[in-house]
Amino acid sequence: MSTMTATALPEDNILLRSDQGGVATLTLNRPKSGNSLSHDLVNELQKTFQAIAKDPSVRVIIITANGRLFCTGHDLNESLNTKHAEDKRAANIVCASMLQTMLDLPQPIIAKVQGVATAAGCELVATCDLAIASESSKFATPGVNIGLWCLSPQVAVSRTISPKHAMQMLLSGKLINAETAARFGLINEAVPDKALDARVNELTRDIASKSSYTVALGKESFYRQLEMSRRDAYNYVNEVMIRAFNSKDAEEGITAFLEKRKPEWEGR
């Protein structure tokens, strides 16, 4: 039987973590502030991701939120009160580092979106490896509406959806529904609100059943090859393929397939 542990992190429990069956669920817990990404919350996410990266018991990560809003972006009150350019730059660097850590993690991350995700909240969704949203969820990059361009969010969003769709979101600043977000490719699926938990649980169980070594190798190689020319990408994956075939889990997986049994992964 799997066990569950719940950890309330510092700073008034702004981030909650629970672990069960190889799945770490991180819950944004600033519902009164729209789960906006305050400096403290960004720091807590970064520290938690760094800890999970070293934890072989975690095979999948879910990011979700408490309340009716998933994440409304950066905390605008903090932004207004950060007067000096160097302080603003430092805060942006920390957030960018946290988002890059998400991509560098060996474990895949699933965004479980139960409400509105705007600006940096939309960026958070776009940075996750997979995203499942309730049909009532909405998404936007609304910086243009208040005299700001969603500069940081456009990095992740434009690398997740087509340039035309990204520019449409950035120029209009309007909310799009979950069906449109799925059509754009911002999320993988839009499901009925009551089915969100079940669908995400089904997906995490499926991923957690795979070789953690293979999943980590696959995630790393996927993002690295995207930045290469086609020729370089083929050369790169050929080298990765050798590592994959020489792994204990590949040997076990092939043997189990031939013997018509379930594999017993070693994670190496």
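Letter by letter, the sequence shown follows residues 5 to 272 in this note's numbering. All residues carry an ideal CB built from backbone N, CA and C; glycine is no exception.
For the ligand MG, is there any heavy atom lying closer than 7 Å to the beta carbon of residue i?
i           : result
alanine 185 : This structure does not include the ligand MG; it has no bound ligands of any sort.
So is residue i buried or exposed if we call it buried at 16+ other beta carbons inside 10 Å?
i                : result
threonine 52     : buried
asparagine 39    : buried
tryptophan 269   : buried
leucine 200      : buried
methionine 173   : buried
phenylalanine 74 : buried
lysine 264       : exposed
isoleucine 136   : buried
How about residue i and residue j: do their beta carbons lie closer than 8 Å?
i              : j              : result
isoleucine 191 : leucine 109    : no
alanine 124    : histidine 169  : no
glycine 119    : glycine 177    : no
valine 27      : threonine 208  : yes
isoleucine 165 : isoleucine 114 : no
valine 148     : leucine 175    : yes
serine 225     : valine 241     : yes
valine 117     : serine 138     : yes
leucine 30     : leucine 41     : no
glutamate 127  : valine 161     : yes
Would you kindly report the start and end of the unbroken alpha helix (DSSP H) that includes residue i?
i            : result
glutamate 48 : 43-57
alanine 69   : It is not in any alpha helix (DSSP H) - alanine 69 instead sits in the beta strand (DSSP E) that spans 64-69.
alanine 199  : First-last for alanine 199: undefined, no H or E at that position.
Starting from residue i, follow the beta strand (DSSP E) in both directions and report where the run begins and ends.
i          : result
serine 22  : 19-24
valine 219 : Valine 219 -> not in any beta strand (DSSP E); alpha helix (DSSP H) instead, spanning 216-230.
valine 27  : 27-32
leucine 73 : 73-75
- Query: Below 8 Å, can you find three or more Cβ-Cβ pairs linking the segment 254-268 to the segment 135-149?
  - Reply: Result no; under three Cβ-Cβ pairs closer than 8 Å.
- Between the segment 93-102 and the segment 15-29, do three or more beta carbon pairs fall short of 8 Å? With the cut-off at 8 Å, the segment 93-102 and the segment 15-29 do not touch.
- Query: Hey, which unbroken runs of the alpha helix (DSSP H) at 4 residues or more fall wholly within the segment 104-161?
  - Reply: Counting only runs of 4+ residues, the alpha helix (DSSP H) found wholly inside the segment 104-161 occupies 124-131, in chain order.
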